[in-house]
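Below is one structure; the comments refer to it alone.
Number of protein chains: 2
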Amino acid sequence: MPLASTYNKTMSIVVVGSVAYDGVETPHGRVERMLGGSCTYIALAASYFTKVRIVAVVGDDFAQEDVDLLASRNIDLEGLERTAGKTFFWQGVYSQDMNDRDTLRTDLNVFEHFDPKLPASYKSEPYLLLGNIQPALQRSVRGQMAKPRITGGDTMNLWIEHFRGELLQTLQGWDFLLINDGEARMLSGEKNLRRAARAIQAMGPRTVVIKRGEYGAILFHGDDYFIVPGYLLETVFDPTGAGDCFAGGFTGYLAQQGIDLADGTIDRRELSRAVIFGSVMGSFCCERFGVDRFRTLTREEIDARFQEFKTFTDF
Amino acid sequence: MPLASTYNKTMSIVVVGSVAYDGVETPHGRVERMLGGSCTYIALAASYFTKVRIVAVVGDDFAQEDVDLLASRNIDLEGLERTAGKTFFWQGVYSQDMNDRDTLRTDLNVFEHFDPKLPASYKSEPYLLLGNIQPALQRSVRGQMAKPRITGGDTMNLWIEHFRGELLQTLQGWDFLLINDGEARMLSGEKNLRRAARAIQAMGPRTVVIKRGEYGAILFHGDDYFIVPGYLLETVFDPTGAGDCFAGGFTGYLAQQGIDLADGTIDRRELSRAVIFGSVMGSFCCERFGVDRFRTLTREEIDARFQEFKTFTDF
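Protein chains in written order, with this note's numbering: chain A, 1333 to 1647; chain B, 1333 to 1647.
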């Protein structure tokens, strides 16, 4: 178990993104309204590894039980702004094989004018994880930090297509990018994932993780790479948030280990373990609707699944 | 290196399938006519691991240089029947991303009345690998063997859809089945690959390898499983034959190690290494058109790529 080797250097993470209510339908069922949002999933997943401080906005309809869930995971909510109006609402329906989803409704509500402001107590934290929001907002958040040692985040097709210049400017300052395979191809203009990763590395982030849904993920770090297959779930109930949980597990493990990505001597195997913990958290996320799995999940279950990955990839 | 540990118990393999000429067009080029066929690819790949004896039919147009290539790999050609007429010809064109292909032409020619007859010298060999041909022919070949210790093979959508009863009867006698993910779902009626594998195991083969193209493969053996991601090629020139080369590498390694799949105590890690060698041979196959890569490929290159798999999956 590599888990506790450098635990004493554990760093905190500041997470920015959306806190939302989601309506989701999958072949296994339907939920009209439940807690969701990229910041929520990232924070819950990362909270198993280190201290997490969130920056997000919710409306006056945000339920106390949802505040309580985040607080129960020891997540710092000082940066969770409450404002008049309704919380961001998203509604979607998944295809039979769950590889596609259609958005039925997006009500930005209070998220429309989200202007993230970091509490003073957040500004000197070493790790910054930028959930999938407008690239200019991601950059603004980074600008408010004193001097983050490690910055990484996520993006999506919308920003790649319509805010490309802004996104490229934002990525320059990042140490790592988490991106899915289709988006990596779109961002780089390269079909082959090795070439796509190289092109993205040239945009800024030395470490690029390409997520492949059920097929797993590939980590590119400098000239080195690591590939992990996806966990074979018997039933995927709801894939919503799996990518964000991957981000939370990945970054959470790196922060727990106190890993400084800017340090050229970093052990690639530590990064690979972070990819495994990302995969583990993504797989748990899919086992229940929404954030439900995190109501009962324990660190022991997470470490046991890490070991399962060892077993089924060993030869 | 696990490679040579039990080399002294190496077994020979009898391979049955098609020997053909192919016309192939991929985004990287076009070849009007070149050596192909499932038996050809399997035999070439397996020949790096053990002695291979083939059973197939060709026409009187079969070129001496193609005989020479097979002979140069020390493949036993006693069972390669030559008959009046033309060799099986297949022509296809791949899509831009090479995940699909359209068949433009299939001339069965002498293959239409192929009635495989095993030379006496083949009948007591321990390993039998049945390439993708009509299930009744696969069964007939097995019936001609004295008592093969291990039988395995491949199948395809055509037989699953239109010869289901015959295929099910044939599979009963197999120790392992190699099948791609779409066909595994079709054969089992299960979308989830874990469940699909379990359903297929109940049809006969205790060991099932589900191939996922560029995403790698999953081995199911009893209740145990192993997953390997695909090798990240920078350029795929021509995927024709990659699945057959996987079968050749997989079975070749098992035969080289003298592994008896019927033995309940078999080490799952040896099976996993066989999957890696299958993946290695499939990846080399894609690097050139047709069988061209096998004109220069060495065992040293194969073992080096095996080590590469170790490196990029290690955490």
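For each residue, glycine too, the CB sits at the ideal point set by N, CA and C.
**Message:** To the nearest angstrom, how far is the alpha carbon of A:Thr1342 from that of B:Lys1523?
**Reply:** By 1-based counting over the first sequence, the position of residue 1342 of chain A is 10. By 1-based counting over the second sequence, the position of residue 1523 of chain B is 191. Going by the C-alpha atoms only, they are around 42 Å apart.
**9 Å Cβ cutoff met for B:Gly1485 and B:Asn1464** = By 1-based counting over the second sequence, the position of residue 1485 of chain B is 153. By 1-based counting over the second sequence, the position of residue 1464 of chain B is 132. Cβ atoms of B:Gly1485 and B:Asn1464: closer than 9 Å.
**Touch test, the stretch 1373-1380 of chain A against the stretch 1353-1363 of chain A, Cβ-Cβ under 8 Å, three pairs minimum** = no
**Endpoints, the alpha helix (DSSP H) within which B:Gln1639 is located** = Here residue 1639 of chain B refers to the residue found at position 307 of the second sequence. Its alpha helix (DSSP H) spans residues Arg1631 to Thr1645.
**Euclidean distance between Cα positions of B:Arg1631 and B:Phe1578** = Reading the second sequence from its first residue, position 299 is the one you call residue 1631 of chain B. Reading the second sequence from its first residue, position 246 is the one you call residue 1578 of chain B. Between B:Arg1631 and B:Phe1578, the C-alpha separation is close to 15 Å.
**Request:** List the residues of chain A whose Cβ lies closer than 9 Å to the Cβ of B:Leu1665, in chain order.
**Result:** The displayed coordinates of chain B run from 1333 to 1647. Any statement about residue 1665 of chain B would go beyond what the structure contains.
**Message:** Considering only DSSP beta bridges, list what B:Val1623 is partnered with.
**Reply:** Sequence index remark: in the second sequence, residue 1623 of chain B carries index 291 (1-based). DSSP, once it has assigned bridges, lists no residue as partnering B:Val1623.
**8 Å Cβ shell around B:Ala1336 - same chain, five flanking residues per side excluded** = Your numbering for residue 1336 of chain B matches position 4 in the second sequence. In this prediction, B:Ala1336 scores a pLDDT of 44, lower than 50, which makes its location untrustworthy; no coordinate-derived value is stated.
**Cβ-based neighbour list, B:Leu1500, same chain, cut-off 7 Å, excluding 5 preceding and 5 following** = Translated into the one-based positions of the second sequence, residue 1500 of chain B becomes position 168. So the qualifying residues of the chain are Met1535.
**Prompt:** What whole-angstrom Cβ distance do A:Phe1616 and A:Arg1627 have, given they're in contact under 8 Å?
**Reply:** Mapped onto the first sequence, residue 1616 of chain A falls at position 284. Mapped onto the first sequence, residue 1627 of chain A falls at position 295. Between A:Arg1627 and A:Phe1616 the Cβ distance is about 11 Å, and since that is not below 8 Å, they are no contact.
**Message:** Suppose you measure from the CA of B:Phe1569 to the CA of B:Pro1561; what does that come to, to the nearest Å?
**Reply:** Within the second sequence, the letter at position 237 stands for residue 1569 of chain B. Within the second sequence, the letter at position 229 stands for residue 1561 of chain B. Each residue's alpha carbon lies about 19 Å from the other.
**Asked** Can A:Ile1591 and A:His1553 be called in contact, C-beta distance under 9 Å?
**Response** The residue given as residue 1591 of chain A occupies position 259 in the first sequence. The residue given as residue 1553 of chain A occupies position 221 in the first sequence. Not closer than 9 Å, so no.
**Amino acids of chain C, ordered along the chain, whose beta-carbon sits closer than 8 Å to that of B:Ile1608** = In the structure shown, chain C does not exist; the protein chains are A and B.
**Prompt:** Does the separation of the CB atoms of B:Leu1564 and B:Pro1537 fall below 9 Å?
**Reply:** Stepping through the second sequence from its first residue, residue 1564 of chain B is reached at position 232. Stepping through the second sequence from its first residue, residue 1537 of chain B is reached at position 205. Not a contact, by the Cβ cut-off of 9 Å.
**Request:** Taking a Cβ distance cut-off of 9 Å, strictly less, list which residues of the stretch 1421-1446 of chain B are near chain A, in chain order.
**Result:** For the stretch 1421-1446 of chain B, which is checked against every Cβ of chain A, the residues closer than 9 Å are Gln1428 and Asp1429.
**Request:** Compare the C-beta of B:Tyr1547 with all C-beta atoms of chain A and state if any pair is closer than 9 Å.
**Result:** Taking the first residue of the second sequence as 1, we reach residue 1547 of chain B at position 215. Yes - at least one Cβ of chain A is within 9 Å of the one on B:Tyr1547.
**Identity of the residue in B:Phe1443, B:Thr1438 and B:Gln1466 nearest B:Thr1415 by Cα** = Taking the second sequence and counting its residues from 1, one reaches residue 1415 of chain B at position 83. Nearest of B:Phe1443, B:Thr1438 and B:Gln1466 to B:Thr1415, Cα basis: B:Phe1443.
**Prompt:** Between the C-alpha atoms of A:Arg1649 and B:Glu1619, what's the straight-line distance to the nearest angstrom?
**Reply:** What is shown of chain A runs 1333 to 1647, which leaves residue 1649 of chain A out entirely.
**Where B:Glu1397 falls, given that 16 or more other Cβ within 10 Å makes a residue buried** = Counted from its first residue, the second sequence places residue 1397 of chain B at position 65. That one is exposed.
**Cβ-Cβ distance between A:Tyr1547 and B:Arg1544 below 9 Å** = Within the first sequence, the letter at position 215 stands for residue 1547 of chain A. Within the second sequence, the letter at position 212 stands for residue 1544 of chain B. With respect to B:Arg1544, A:Tyr1547 sits close: the two C-beta atoms are nearer than 9 Å.
**Request:** Can you tell me which of the three DSSP states B:Gly1361 falls into?
**Result:** The residue you call residue 1361 of chain B lines up with position 29 of the second sequence. Here B:Gly1361 sits in strand by DSSP.
**Prompt:** Can you name the start and end residues of the alpha helix (DSSP H) that A:Asp1553 belongs to?
**Reply:** In the first sequence, the residue the question calls residue 1553 of chain A occupies position 221. The residue asked about is misnamed: residue 1553 of chain A is His in this sequence, not Asp. Counting along the chain, A:His1553 falls outside any alpha helix (DSSP H), though it belongs to the beta strand (DSSP E) covering Ala1549 to His1553.
**Message:** Quick check: is the beta carbon of A:Lys1648 nearer than 9 Å to any beta carbon in chain B?
**Reply:** A question about residue 1648 of chain A goes unanswered here, because the residues of chain A that appear run from 1333 up to 1647.
**Item:** Straight-line gap, B:Leu1490 to A:Gln1504 (C-alpha atoms, nearest Å)
**Value:** Locating residue 1490 of chain B in the second sequence gives position 158, where the first residue counts as 1. Locating residue 1504 of chain A in the first sequence gives position 172, where the first residue counts as 1. Going from the Cα of B:Leu1490 to the Cα of A:Gln1504 covers about 51 Å.
**Best match in B:Thr1487, B:Thr1567 and B:Gly1584 for proximity to B:Ile1532 [C-alpha to C-alpha]** = As a position in the second sequence, residue 1532 of chain B is number 200, starting the count at 1. Out of B:Thr1487, B:Thr1567 and B:Gly1584, B:Thr1487 has the C-alpha closest to the C-alpha of B:Ile1532.
**Selection from A:Met1430, A:Phe1420 and A:Ser1453 that minimises the alpha carbon distance to A:Asp1439** = Sequence index remark: in the first sequence, residue 1439 of chain A carries index 107 (1-based). Comparing Cα positions, the closest option is A:Phe1420.
**Asked** Closest by CA to B:Thr1382, which one among B:Leu1603, B:Gly1581 and B:Asp1595?
**Response** Taking the second sequence and counting its residues from 1, one reaches residue 1382 of chain B at position 50. Comparing Cα positions, the closest option is B:Gly1581.
**A:Glu1457 in three-state terms, based on DSSP** = Start at 1 with the first residue of the first sequence, and residue 1457 of chain A comes out as number 125. Coil at A:Glu1457, not helix or strand.
**Asked** From what residue to what residue does the beta strand (DSSP E) around A:Tyr1557 run?
**Response** Working through the first sequence from its first residue, we reach residue 1557 of chain A at position 225. Segment Asp1556 to Val1560, the beta strand (DSSP E) holding A:Tyr1557.
**Asked** Mapping DSSP to helix, strand and coil, what is B:Asp1595?
**Response** Taking the second sequence and counting its residues from 1, one reaches residue 1595 of chain B at position 263. Looking at B:Asp1595 - three-state DSSP - the assignment turns out to be coil, as it is neither helix nor strand.
**Request:** Would you grab the beta carbon distance between B:Val1389 and B:Asp1408 for me? Rounded to a whole angstrom, and I think it's under 8 Å.
**Result:** In the second sequence, counting from the first residue as 1, residue 1389 of chain B sits at position 57. In the second sequence, counting from the first residue as 1, residue 1408 of chain B sits at position 76. Wrong, their Cβ atoms sit about 16 Å apart, outside the cutoff.
**Request:** Could you please give the first and the last residue of the uninterrupted beta strand (DSSP E) stretch that includes B:Asp1408?
**Result:** Your numbering for residue 1408 of chain B matches position 76 in the second sequence. Residues Asp1408 to Arg1414.
**Message:** Measuring only the C-alpha atoms, how far is B:Thr1643 from A:Ala1478?
**Reply:** Numbered from 1 along the second sequence, position 311 holds the residue referred to as residue 1643 of chain B. Numbered from 1 along the first sequence, position 146 holds the residue referred to as residue 1478 of chain A. Distance between the alpha carbons of B:Thr1643 and A:Ala1478: 38 Å.
**Item:** Coil, strand or helix - B:Val1568 by DSSP
**Value:** In the second sequence, the residue the question calls residue 1568 of chain B occupies position 236. Under the three-state reduction of DSSP, B:Val1568 is assigned to coil, being neither helix nor strand.
**Prompt:** Taking 9 Å as the CB-CB cut-off, is A:Asp1635 touching chain B?
**Reply:** Within the first sequence, residue 1635 of chain A is the residue found at index 303, counting from 1. For A:Asp1635, the answer is no, since every Cβ of chain B falls outside 9 Å of its Cβ.
**Request:** Let me know the beta strand (DSSP E) ranges lying completely inside the stretch 1487-1524 of chain A, each 3 residues or longer, listed in chain order.
**Result:** 1508-1512
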